[in-house]
(Lines of atoms letter the chains of each structure in order from A and count residues from 1; the text may use other names and numbers.)
(Lines give C-alpha, C1' and ligand atoms only; values in the text may rest on other atoms or scores of the structure.)
Protein backbone atom coordinates (compact mmCIF):
# COMPACT_ATOMS: atom_id res chain seq x y z
CA UNK A 1 0.00 0.00 0.00
CA UNK A 2 1.48 3.33 -0.97
CA UNK A 3 -1.37 5.68 0.02
CA UNK A 4 -1.88 5.78 3.76
CA UNK A 5 -4.43 8.14 5.23
CA UNK A 6 -3.57 9.88 8.51
CA UNK A 7 -4.74 8.16 11.69
CA UNK A 8 -7.62 9.53 13.73
CA UNK A 9 -6.93 10.76 17.29
CA UNK A 10 -8.48 7.58 18.70
CA UNK A 11 -5.72 5.54 17.06
CA UNK A 12 -2.81 6.83 19.15
CA UNK A 13 -1.79 8.20 22.52
CA UNK A 14 -1.80 12.04 22.58
CA UNK A 15 1.94 11.84 23.35
CA UNK A 16 2.48 11.05 19.65
CA UNK A 17 0.34 13.90 18.29
CA UNK A 18 3.37 16.04 17.44
CA UNK A 19 4.97 13.23 15.45
CA UNK A 20 1.70 12.57 13.61
CA UNK A 21 1.45 16.29 12.81
CA UNK A 22 5.04 16.40 11.50
CA UNK A 23 4.34 13.41 9.24
CA UNK A 24 1.01 14.79 8.04
CA UNK A 25 2.73 18.01 6.95
CA UNK A 26 4.96 15.91 4.67
CA UNK A 27 1.89 14.96 2.64
CA UNK A 28 2.57 11.54 1.17
CA UNK A 29 3.88 9.64 4.19
CA UNK A 30 4.97 6.66 2.11
CA UNK A 31 7.10 8.87 -0.16
CA UNK A 32 8.46 10.66 2.91
CA UNK A 33 9.82 7.36 4.22
CA UNK A 34 12.21 7.22 1.24
CA UNK A 35 12.88 10.95 1.05
CA UNK A 36 14.06 11.02 4.65
CA UNK A 37 16.89 8.64 3.79
CA UNK A 38 18.31 11.13 1.29
CA UNK A 39 17.71 14.03 3.66
CA UNK A 40 19.56 12.30 6.50
CA UNK A 41 22.47 11.31 4.27
CA UNK A 42 22.73 14.85 2.88
CA UNK A 43 22.60 16.52 6.30
CA UNK A 44 24.73 14.08 8.28
CA UNK A 45 26.79 11.97 5.88
CA UNK A 46 29.70 14.38 5.48
CA UNK A 47 30.24 15.14 9.17
CA UNK A 48 33.59 14.26 10.68
CA UNK A 49 33.73 11.95 13.68
CA UNK A 50 34.42 14.95 15.92
CA UNK A 51 31.45 16.84 14.48
CA UNK A 52 29.18 13.80 14.91
CA UNK A 53 30.08 13.65 18.61
CA UNK A 54 28.90 17.24 19.12
CA UNK A 55 26.45 17.73 22.00
CA UNK A 56 24.20 20.74 22.32
CA UNK A 57 24.76 20.67 26.09
CA UNK A 58 26.28 18.45 28.78
CA UNK A 59 23.07 16.44 29.29
CA UNK A 60 22.12 16.35 25.60
CA UNK A 61 22.67 13.46 23.20
CA UNK A 62 25.42 13.68 20.61
CA UNK A 63 24.57 13.62 16.91
CA UNK A 64 25.70 9.99 16.80
CA UNK A 65 23.46 9.18 19.76
CA UNK A 66 20.51 10.85 18.04
CA UNK A 67 21.08 8.66 14.97
CA UNK A 68 21.29 5.61 17.24
CA UNK A 69 18.06 6.70 18.94
CA UNK A 70 16.36 7.04 15.55
CA UNK A 71 17.53 3.53 14.70
CA UNK A 72 16.23 2.18 18.01
CA UNK A 73 12.90 3.90 17.36
CA UNK A 74 12.75 2.50 13.83
CA UNK A 75 13.37 -0.99 15.19
CA UNK A 76 10.88 -0.75 18.08
CA UNK A 77 8.12 0.84 16.00
CA UNK A 78 8.63 -1.63 13.15
CA UNK A 79 8.28 -4.52 15.60
CA UNK A 80 5.01 -3.01 16.80
CA UNK A 81 3.90 -2.60 13.17
CA UNK A 82 4.67 -6.27 12.49
CA UNK A 83 2.85 -7.57 15.55
CA UNK A 84 -0.25 -5.40 15.19
CA UNK A 85 -0.51 -5.77 11.39
CA UNK A 86 -0.54 -9.54 11.89
CA UNK A 87 -3.49 -9.15 14.27
CA UNK A 88 -1.44 -10.03 17.34
CA UNK A 89 -3.39 -8.71 20.32
CA UNK A 90 -0.53 -9.01 22.82
CA UNK A 91 0.03 -5.74 24.69
CA UNK A 92 3.49 -4.46 23.78
CA UNK A 93 5.73 -2.72 26.31
CA UNK A 94 7.25 0.73 26.04
CA UNK A 95 10.98 1.31 25.98
CA UNK A 96 13.25 3.55 28.03
CA UNK A 97 14.83 5.66 25.29
CA UNK A 98 17.38 7.35 27.55
CA UNK A 99 18.61 4.00 28.83
CA UNK A 100 18.83 2.68 25.28
CA UNK A 101 20.93 5.66 24.18
CA UNK A 102 23.15 5.41 27.27
CA UNK A 103 23.86 1.73 26.52
CA UNK A 104 24.25 2.15 22.74
CA UNK A 105 27.94 3.02 22.61
CA UNK A 106 27.04 5.17 19.60
CA UNK A 107 29.86 7.66 20.05
CA UNK A 108 32.38 4.85 19.56
CA UNK A 109 30.82 3.63 16.31
CA UNK A 110 31.64 4.97 12.83
CA UNK A 111 29.08 7.51 11.63
CA UNK A 112 28.89 5.65 8.31
CA UNK A 113 27.80 2.47 10.12
CA UNK A 114 25.16 4.28 12.17
CA UNK A 115 23.65 5.81 9.04
CA UNK A 116 23.82 2.50 7.15
CA UNK A 117 22.04 0.64 9.94
CA UNK A 118 19.22 3.18 9.94
CA UNK A 119 18.99 3.00 6.15
CA UNK A 120 18.73 -0.81 6.12
CA UNK A 121 15.94 -0.76 8.69
CA UNK A 122 14.05 2.01 6.91
CA UNK A 123 14.30 0.23 3.55
CA UNK A 124 12.95 -2.94 5.16
CA UNK A 125 10.09 -0.92 6.63
CA UNK A 126 9.31 0.64 3.26
CA UNK A 127 8.96 -2.83 1.73
CA UNK A 128 6.88 -4.08 4.67
CA UNK A 129 4.48 -1.13 4.46
CA UNK A 130 4.27 -1.38 0.66
CA UNK A 131 3.03 -4.96 1.02
CA UNK A 132 0.25 -4.15 3.48
CA UNK A 133 -3.43 -3.97 2.71
CA UNK A 134 -5.51 -1.01 3.88
CA UNK A 135 -7.16 -3.30 6.42
CA UNK A 136 -3.77 -4.16 7.92
CA UNK A 137 -2.84 -0.49 8.35
CA UNK A 138 -6.07 0.15 10.23
CA UNK A 139 -5.61 -2.64 12.76
CA UNK A 140 -5.43 -1.61 16.39
CA UNK A 141 -3.20 -2.99 19.09
CA UNK A 142 -1.80 -1.88 22.42
CA UNK A 143 1.68 -0.46 23.01
CA UNK A 144 2.91 1.40 26.09
CA UNK A 145 -0.51 0.81 27.70
CA UNK A 146 -2.34 2.75 24.96
CA UNK A 147 -4.24 1.86 21.81
CA UNK A 148 -2.27 2.32 18.60
CA UNK A 149 -2.97 1.55 14.95
CA UNK A 150 -0.52 0.37 12.34
CA UNK A 151 -1.02 3.51 10.28
CA UNK A 152 -0.40 5.66 13.37
CA UNK A 153 2.88 3.80 13.85
CA UNK A 154 3.83 4.43 10.21
CA UNK A 155 3.14 8.13 10.67
CA UNK A 156 5.12 8.07 13.92
CA UNK A 157 8.12 6.55 12.09
CA UNK A 158 8.16 9.53 9.74
CA UNK A 159 7.28 12.15 12.35
CA UNK A 160 9.92 10.88 14.77
CA UNK A 161 12.67 11.33 12.19
CA UNK A 162 11.20 14.68 11.13
CA UNK A 163 11.22 15.91 14.76
CA UNK A 164 14.84 14.95 15.37
CA UNK A 165 16.07 16.22 12.00
CA UNK A 166 14.45 19.60 12.74
CA UNK A 167 16.23 19.64 16.10
CA UNK A 168 19.54 18.71 14.46
CA UNK A 169 19.20 21.49 11.88
CA UNK A 170 18.27 24.05 14.52
CA UNK A 171 20.43 23.16 17.51
CA UNK A 172 23.31 20.99 16.30
CA UNK A 173 24.40 21.32 12.70
CA UNK A 174 25.08 25.08 12.78
CA UNK A 175 27.56 24.46 15.61
CA UNK A 176 29.04 21.03 14.86
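Residue numbers (my numbering): 53 to 228. Ideal placement from N, C-alpha and C gives every residue a C-beta, glycine not left out.
Exercise for review: Return the chain-ordered ranges of every alpha helix (DSSP H) run that is complete within the segment 59-133 and spans a minimum of 4 residues.
Suggested key: Taken in chain order, the complete alpha helix (DSSP H) segments of 4 residues or longer contained in the segment 59-133 are 69-77, 81-96 and 101-104.
Exercise for review: Examine the Cβ distances between the segment 96-104 and the segment 162-171 and report whether three or more of them are shorter than 8 Å.
Suggested key: As far as the Cβ criterion goes, the segment 96-104 touches the segment 162-171, which means the pair count is three or higher.
Review point. Can you pull the DSSP bridge partners for residue 194?
Key: Reading the chain shown from its first residue, position 142 is the one you call residue 194. Residue 194 pairs with 199.
Review point. Considering only residues of the same chain and omitting the five flanking positions on each side of residue 113, which have a CB-CB separation below 8 Å?
Key: Start at 1 with the first residue of the chain shown, and residue 113 comes out as number 61. Cβ-Cβ distances below 8 Å link residue 113 to 107, 121 and 153 in the same chain, with the five nearest sequence neighbours on each side left out; the list follows chain order.
Practice item. Report yes or no: do the segment 78-88 and the segment 205-225 share at least 3 C-beta pairs separated by less than 8 Å? Key: Yes, the segment 78-88 touches the segment 205-225.
Review point. Smallest Cα separation from residue 116: which of 92, 71, 127 and 142?
Key: The residue you call residue 116 lines up with position 64 of the chain shown. Answer by Cα proximity: 92.
Check your understanding: Relative to the alpha-carbon of residue 136, which residue among 61, 57, 77 and 184 has its alpha-carbon at the smallest distance?
Key -> What you label residue 136 is simply residue 84 of the chain shown in a count that begins at 1. Looking at the Cα atoms, 184 is the closest of the given residues.
**Study point:** Residue span of the alpha helix (DSSP H) that contains residue 57, given as start and end
**Key:** The count along the chain shown starts at 1 and reaches residue 57 at position 5. If you look at residue 57, you'll find it isn't in any alpha helix (DSSP H); DSSP assigns it neither H nor E.
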